[in-house]
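> When you read off a place in the sequence shown, starting at 1, and then add 147, the result is the number in the working numbering. The structure under discussion is supplied below as structure tokens; questions concerning it will follow.
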Amino acid sequence: MEDRQVIITLVENLVYSSGLSAEHGLSLYIEFNDVRILFDTGQTADCLLNNSAKLGVDLALVDHCVISHGHYDHTGGLAAFRQINPDCTLWINKQAAWPRYSLKGDYIGMGQPELADQANSVAQVTEIASGIFILPAGPLQYPDDQHMSGFFMQKDGQRQPDDFMDEQSLVLVRDGAMQIISGCSHRGITNIIQYAIDSFNLPVELVVGGFHLRHDKDISATATRLDSFGIRRLGVSHCTGVEKYVELRGILNSHVFYNHTGHKTELFKDH
């Protein structure tokens, strides 16, 4: 295996390259420490399979698949991926299989929730390979940064507001620094980052993922907090929204980039 340390964005809302597809969803392919990881699987199998082939990613060689939470736009390609790679180790919080609904009552959960029965579920920070950790849902230290309103889950036969306790992120650790990969950050990207800092006590070199800021009227407090973390690179995707990306870049300057379909991000640059 070529010693690459990279994130390749397989599925995201936007695309700028001919031959690739875009959809409302997220899937990231990661190579780190000779381990291949698929983080989320997008909304549809077609988009995931088309883009992975065009980008030279062999899904049959993936070692671990991590699902960030149980929404359709992060799990839609999972069944097709399992057919290609039935031996891959799955990491899905057991609560991700619970039925999920929008404010209008539309089903927005996993298409095949029984797949979660094949997965490992963790409730604490867990190292799944050398330097690769799953960070489960943590405390809401910044209550102003959470994006759970209008989402519902079916629990014990009753529909109730979703607390997104199924949400999990990835933390990569190397050379005295860490990098954080998030799906939608419904529990707040600044809460996720703070939980990682409290757990590892390391500086944050890179954060990549969806921040769910697109419906926020004012992101100045979140941007100020992100700036205070001293993050060197911030790659926004998916539910962040292009408009909020522009706002973040205006506040935080050039170390913010848009992580679109086909984008390749070198890990631990200059480390």
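Glycine included, each C-beta is placed from N, C-alpha and C at the ideal position.
If contacts are defined as beta-carbon pairs under 8 Å, then V182 and I279 qualify, I think. What distance do you get, rounded to the angstrom?
Position 35 of the sequence shown holds residue 182. Position 132 of the sequence shown holds residue 279. Sure, about 6 Å apart at Cβ, within 8 Å.
> On a CA-only basis, which of G409, I398 and L414 is nearest L195? Give me that one, please.
As a working note, residue 195 is residue 48 in the sequence shown. When each option's Cα is compared against that of L195, the closest is G409.
> Could you tell me which of D205, G166, Q152 and L173 sits nearest to H407, measuring between CA atoms?
The count along the sequence shown starts at 1 and reaches residue 407 at position 260. Nearest C-alpha to H407: L173.
> Give the DSSP bridge partners of I327, in chain order.
In the sequence shown, the residue the question calls residue 327 occupies position 180. DSSP lists V318 and V354 as partners of I327.
> Alpha carbon to alpha carbon, how far is C331 from Q315?
Residue 331 sits at position 184 when you count from the first residue of the sequence shown. Residue 315 sits at position 168 when you count from the first residue of the sequence shown. Each residue's alpha carbon lies about 10 Å from the other.
> Which first and last residues belong to the beta strand (DSSP E) in which Y490 is found?
Residue numbering for the chain in the displayed model covers 148 to 418; residue 490 lies beyond these limits and cannot be assessed.
> Would DSSP call I398 helix, strand or coil?
Along the sequence shown, read from residue 1 onward, the residue named residue 398 stands at position 251. Residue state, collapsed to three classes: helix.
> Check the C-beta distance from E159 over to H385 and give it rounded, since I have them as a contact under 8 Å.
Counting from 1 along the sequence shown, the entry for residue 159 is found at position 12. Counting from 1 along the sequence shown, the entry for residue 385 is found at position 238. E159 to H385, Cβ: 6 Å. Contact.
> Just list the residues that DSSP pairs S367 with in beta bridges.
For the purposes of this step, residue 367 is identified with residue 220 of the sequence shown, where counting begins at 1. S367 is not bridged to any residue.
> From H171 to V209, what distance separates their C-alpha atoms?
Residue 171 sits at position 24 when you count from the first residue of the sequence shown. Residue 209 sits at position 62 when you count from the first residue of the sequence shown. Each residue's alpha carbon lies about 23 Å from the other.
> Under 8 Å, with one C-beta from each stretch per pair, do the stretch 241-258 and the stretch 288-306 reach the 3-pair mark?
A contact exists between the stretch 241-258 and the stretch 288-306.
> Apart from the five residues just before and just after C212, which ones in its own chain have a Cβ nearer than 6 Å to its Cβ?
In the sequence shown, counting from the first residue as 1, residue 212 sits at position 65. The residues are L185, C235 and L237.
> Going by the DSSP bridge assignment, what does M236 pair with across the sheet?
Taking the first residue of the sequence shown as 1, we reach residue 236 at position 89. The question names Met, but residue 236 is Thr in the sequence shown. Paired residues: H211.
> Report yes or no: do the stretch 371-384 and the stretch 346-357 share at least 3 C-beta pairs separated by less than 8 Å?
Contact holds: three or more Cβ-Cβ distances are below 8 Å.
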